[in-house]
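Counting from 1, position 82 in the sequence shown corresponds to residue 84 in this note's numbering; the numbering is continuous, with no gaps.
Cβ coordinates follow ideal geometry from the N, Cα and C atoms, glycine included.
Here is the structure we will look at, set down as structure tokens.
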Amino acid sequence: MTDETPGRHMSAEIAQQPEVFSAVTATRPSIASVGGVIAERAPRFVLLAARGSSDHAALYAKYLTEVLLELPAGLVSASTTTLYNAKPDLRDILYVTVSQSGGSPDLIEATAAARDRGALTVAVTNNPESELAGAAELSVDVNAGVEKAVAATKTYTATLLALYLLIDSVRGGRGEKAAALPELAAQALSTIDSPVEEAVARYRFVERMVTTGRGYSSATAAEGALKLAETSYLAARAYSGADLLHGPVAAIDSDTGVVAVTSAGRGGEAMRDVVDTVRQRGADVLAVGSAAADVPASSRIVLPETAEEVAPILEVLPLQRLALGLSLARGGDPDNPRGLSKVTRTR
């Protein structure tokens with residue numbers, strides 16, 4: 003690829019992810035040291051603050067926290083602090099801010115305010131020298147390296163892995179279930195080209211897509227929809243499988259492309275009825291995940307099986323490739339989506 007080739011950065015950064023996973027797992031001891039501090043403080047509740055792709059990583063961390071640590075967790079509305087000047091009592095609260103750049107003013111301000119109000123604050127960022135990392139009491143380096151494409155790929159999955167290793171360390175784990183991810187990611191990326199190309203051909207001219215998953219995979223569905231929207235300008239919406247059946251399924255028809263994330267485990271098992279219902283409405287369903295072969299989909303991208311709690315780190319890889327392929331097929335450049343920049347500054 004030349005320097006002018008559309009999508010060259012996104013393509014290269016998707017391919018770098020096995021190497022990035024190795025780099026992140028190598029830093030597990032430093033991540034575990036932060037987890038040790040959290041365990042000693044014994045928070046009674048966890049709040050997660052993020053924007054964009056990082057918000058989907060925070061959703062993944064919410065599931066990890068509630069399932070693995072059995073602590074209640076919630077996603078923060080930063081504007082309650084930055085716009086409305088709310089001052090809640092945050093003593094005994096763990097406040098985790100997730101930001102790849104560490105440069106969003108609202109997240110920096112909200113994190114500093116949370117620390118002032120008694121929270122144990124942790125920044126999870128790909129920029130350990132960022133203002134956000136300085137605002138928090140503790141920080142975790144995502145260690146993904148420089149990302150040139152506007153659409154986050156390797157920084158997103160590296161953030162997922164860092165969050166998993168952090169939360170796993172709080173419960174006393176040693177990251178065993180994540181140990182094989184570098185090898186499995188390389189395996190997945192080497193086998194998905196053909197089914198991704200078929201999916202690009204199927205969805206090239208569609209204008210409306212829905213992504214859906216249950217449990218941990220809800221984060222993958224959300225990130226997949228964002229990637230499709232920001233790179234291919236599709237009207238893409240994400241729903242949990244349960245929420246989809248509570249109303250939005252009425253809008254699905256034969257003109258709708260549906261991506262169903264179905265990995266081995268309870269979440270994937272719960273998606274069977276969802277996929278069946280959607281198929282009955284005439285939608286073209288692409289199943290993605292380690293359990294994709296077991297659901298009644300139109301087409302499938304089957305991935306290596308992992309523990310369900312780390313499956314989202316692999317599940318998103320074919321969705322990144324799908325977004326890249328669709329963008330190029332539709333004449334776009336996913337490295338430079340219109341109207342977007344690498345760092346979005348909000349308040």
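- Under the 8 Å Cβ criterion, the segment 293-302 does not count as touching the segment 172-190, having fewer than three qualifying pairs.
- Judged by their CB atoms, aspartate 337 and histidine 11 are nearer to each other than the 8 Å cut-off.
- Membership of valine 126 in the beta strand (DSSP E) is indicated by the continuous run 122-127.
- Setting aside the 5 residues that flank it on each side, glutamate 15 is surrounded in the same chain by Glu149, Lys150, Ala151, Thr155, Lys156, each with a C-beta closer than 8 Å to its C-beta; the list follows chain order.
- For leucine 66 against leucine 163, the beta-carbon gap comes to about 11 Å, at or over 8 Å, which does not count as contact.
- Along the segment 245-312, the beta strand (DSSP E) occurs as fully enclosed runs of 3 or more residues at 259-263, 286-291, 301-304, listed in sequence order.
- Distance check between alanine 313 and each of Ala34, Ser55, Gly270 places Gly270 closest, using alpha-carbon atoms only.
- Contact check for threonine 84 and aspartate 108: beta-carbon distance about 5 Å, within the 8 Å limit, so the pair qualifies.
- Ranked by Cα distance from alanine 244, the options Arg274, Tyr235, Ala135, Thr258 are led by Arg274.
- Distance from leucine 321 to alanine 187 at the Cβ level is roughly 14 Å; contact not present, criterion being Cβ atoms closer than 8 Å.
- Distances from the alpha-carbon of alanine 160 to those of Ser300, Arg53, Ser101, Gly217 put Ser101 closest.
- Setting aside the 5 residues that flank it on each side, alanine 299 is surrounded in the same chain by Ala262, Val277, Val287, Leu288, Ala289, each with a C-beta closer than 7 Å to its C-beta; the list follows chain order.
- Per DSSP, the unbroken alpha helix (DSSP H) holding aspartate 195 starts and ends at 195-205.
- Excluding residues up to 5 positions away in sequence, Gly259 lie with their Cβ nearer than 6 Å to the Cβ of valine 208 in the same chain.
- Listed in chain order, the non-local C-beta contacts of leucine 122 below 8 Å within the same chain comprise Val39, Ile40, Arg43, Pro45, Ile95, Leu96, Tyr97, Glu139, Leu140, local neighbours out to five positions each way being set aside.
- Under the DSSP definition of a beta bridge, aspartate 143 partners with Thr127.
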